[in-house]
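Numbering (this note's numbering), first residue to last: 121 to 471.
Next up, the structure:
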């Protein structure tokens, strides 16, 4: 049923006193009435809005669509428009969000008008967007968080197999980060993490991914490159961190990293485990270095033992280094330490 407006006596008084924005447009979409709440919301004076087309407060990209919706509503059979969320613009171009509902009315001359009721939901929308952002990003650094990062890794693994393209990951730690918190305080520590994350994003390629796993632990995803090229890229990052003073305290950081390249049919957790193992090796050898991994199932001409050349610290048969032998096949930390304690021994079990 079409609503009929009463003469503008008490009706106009009610409209102007309403705490929500109310405006009336003619069939062509031009403002005929705007109440004070509407003017305050958009930042215009009443005389600046009257006679203007309602798309004045609509983003340019949406104007054609919103005007078409207005025309269909005026010409249609529905007297009430569904409540909808709309993005609008204030006088200074600031984006705002409203919840709007409209109704068709007729004035005393039988002319069809559209009255729109609007509620400001900008704060609610901003909070929703903030929560959505925090669900996928680390609040301190702005990087992808662990959950989103591991999900992205699964996507990159699928993409790697679909297009038969290499994929590498780098597990990274900022060395001795606890000392920074102890010596400078947690506020400086947070600033170090934030500036380090920004430096990582600047240094890596545009299509690489930098993820904060937690604390001073980071994960890099490097699609499209093999381990050798990934090692070079992460080495550039390590060098830049080591030579760039961080924060006003001029703190010099070093980084340890372990790199692994995705193998056939390898799952994400196995890939990360190999990168973590390489990271452990980098730390064990003194930190501030980048270390790669060997294949998870390598082949070796040594069927029983590796014979170590005491001058080169490599196996005479397969040519692997002591460190590669120690890490080969997923040796435990205890086994690895035992190998290093046997540096003067002549043979090592082949795996």
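Ideal Cβ placement from N, Cα and C applies to all residues, glycine included.
All of these numbers come straight from a predicted model, not from anything done at the bench.
Query: Sheet register partners of residue 215 (DSSP bridge); Result: 209
Query: 7 Å Cβ cutoff met for residue 331 and residue 269; Result: yes
Query: Residues near residue 364 in its chain [Cβ-Cβ closer than 7 Å; skip 5 each side]; Result: 319
Query: Span separating the alpha-carbon of residue 467 from that of residue 410; Result: At residue 467 the pLDDT is 45, less than 50, meaning the model places this residue with poor confidence and gives no usable figure here.
Query: Residue from 328, 250 and 366 with nearest C-alpha to residue 304; Result: 366
Query: Residue of 370, 326, 342 and 271 minimising C-alpha distance to residue 316; Result: 370
Query: Residue 358 - containing alpha helix (DSSP H), residue span; Result: 347-363
Query: Simplified DSSP state of residue 302, which is helix, strand or coil; Result: helix
Query: contact_flag[the stretch 286-298, the stretch 392-409] where n(CB pairs < 8 Å) is 3 or more; Result: yes
Query: DSSP bridge partner residues for residue 337 (one or two, in chain order); Result: 293 and 334
Query: Same chain, Cβ closer than 7 Å to residue 166, neighbours up to 5 away in sequence not counted; Result: 154 and 159
Query: Residues that residue 220 bridges to, as DSSP identifies them; Result: 204 and 238
Query: Best match in 328, 264, 297 and 235 for proximity to residue 289 [C-alpha to C-alpha]; Result: 328
Query: Assigned exposure category for residue 450 - 16 Cβ within 10 Å defines buried; Result: Low local confidence applies: a pLDDT of 40 at residue 450 is under 50, so the model's placement there is unreliable, with the coordinate-based value given in what follows. Flag for residue 450 reads exposed.
Query: Spatially closest choice to residue 223 from 344, 182, 323 and 144, by CA coordinates; Result: 144
Query: Per DSSP, the bridge partner or partners of residue 150; Result: 173
Query: Stretch-stretch touch, CB-based, cutoff 8 Å, three pairs: the stretch 246-266 with the stretch 354-362; Result: no
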